[in-house]
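Here our numbering runs 189 ahead of the position in the sequence shown, where the first position is 1.
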Amino acid sequence: MDNHLTQFNQLLKIKNYSRRTISIYTTNLKRFLEYADNTDYAPELRIIKFLNTIESEEIRRNSYNAIQLFYKLVLKKSCPYILKMVKTRKRLPQVLTKKEVELIISIITNIKHTYMISMMYGSGLRVSEVVNIRVAHVDIENLLLNIKNSKNKKDRITPLSQKLKNDLSSIINERSGKEFLFKTIQNNKYTIRTVQKVFENAFKKSGITKNATCHTLRHSFATHLLENGIDIRSIQKILGHASVKTTMIYLHVAECTIKKVESPL
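Following this line, the structure appears as structure tokens:
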């Protein structure tokens, strides 16, 4: 089983799957292989029985995708079972208002943590991107960030807030271009989980009743750009979406916001 998992993991890397997807698929495949080792069912029934043990539809889908890829990439044959996917209506992403974002940021006491959360909103960054920013990636004069080797191994350029210019300049002047922009007291790169905890703690203290994560800041950034009149293609480019269809979801979010606005007449 271990050899199969290692081979599967390596093949997904070669195929340029994201680290998160590789982790999810490998974990789900491991569960399936452990289940399969303890049953005598025929291959098709084995998959059906395993998937029926999973309550969450999302985990069931991910597990099936992992099994299907395992058959294709490792076993070099077709998966013996075709799962009929029921199309579910995609939920609109949760979005924070500008005031809510400002409230969350104001609660954070560590100045470096403040900068990171501010940049995630102000530049539409993923948490994995903010921890990997190096000094050389910051064009402080033109207020631009060069996001390198992000999701799907793509680079992109995103705006940097004028409010952060002076504070970031002082950090940049003290470091070489290869150094990470944000480092811990131990001089290490911040972990994704640390930044997530910073947001979670501040969000909890804020008393905001919405469901939100670090990624909600990116959703909020995109929605607020749209509400400010930035065209959808520009937002697609800033976010680094391969397809404009992914970006189009924010049109629906902005539309919902407009519906809540009362006419001043």
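Backbone N, C-alpha and C define an ideal beta-carbon position, used for all residues, glycine too.
If we count the other Cβ atoms within 10 Å of its Cβ and call it buried at 16 or more, is residue i buried or exposed?
| i | result |
| --- | --- |
| R315 | buried |
| L334 | buried |
| A255 | buried |
| Q375 | exposed |
| Q196 | exposed |
| M150 | Here the chain covers residues 190 to 454 and nothing more, so residue 150 does not appear. |
| G366 | exposed |
| A411 | buried |
| I322 | buried |
| N217 | buried |
| G396 | exposed |
| G313 | buried |
| E247 | exposed |
| H413 | buried |
Mind checking who residue i pairs with in its DSSP beta bridge?
| i | result |
| --- | --- |
| F369 | R323 |
| N335 | I346 |
| K378 | K372 |
| D328 | L333 |
Expressed to the nearest angstrom, what Euclidean distance is found between the alpha-carbon atoms of residue i and residue j?
| i | j | result |
| --- | --- | --- |
| K386 | I336 | 23 Å |
| I294 | L353 | 13 Å |
| A391 | I296 | 6 Å |
| I447 | G429 | At I447 the pLDDT is 46, less than 50, meaning the model places this residue with poor confidence and gives no usable figure here. |
| R220 | D420 | 44 Å |
| Y310 | T286 | 11 Å |
| S359 | V384 | 22 Å |
| Y214 | S252 | 7 Å |
| L454 | V284 | Residue placement at L454 is poorly supported in this model, since its pLDDT is 40, which falls under 50; the coordinates still yield a value, given next. If you take the alpha carbons of L454 and V284, they lie about 27 Å apart. |
| S307 | Q351 | 11 Å |
| L349 | I329 | 8 Å |
| L332 | L357 | 11 Å |
| K378 | N338 | 17 Å |
| L262 | I271 | 16 Å |
| V433 | A443 | 16 Å |
| E363 | T373 | 15 Å |
| P232 | I243 | 18 Å |
| N198 | I211 | 7 Å |
| E451 | G418 | Reliability of the predicted coordinates at E451 is poor, the pLDDT of 48 falling under 50, and no value is obtained from them. |
So what's residue i in DSSP terms, helix, strand or just coil?
| i | result |
| --- | --- |
| K354 | helix |
| D191 | helix |
| D229 | coil |
| S245 | coil |
| I271 | coil |
| L454 | Low confidence applies here, because L454 scores a pLDDT of 40, under 50, leaving its location unreliable; read the following figure in that light. Correct three-state label for L454: coil. |
| I447 | Model confidence at I447 stands at a pLDDT of 46, short of 50, so the residue's coordinates are unreliable; what they give is reported in the following sentence. Of the three classes helix, strand and coil, the one that applies to I447 here is helix, per DSSP. |
Under the assumption that residue i contacts residue j (Cβ atoms under 8 Å), give the Cβ distance between them as a whole number of angstroms.
| i | j | result |
| --- | --- | --- |
| I438 | P282 | 7 Å |
| V290 | L406 | 7 Å |
| V320 | F371 | 7 Å |
| V327 | I361 | 6 Å |
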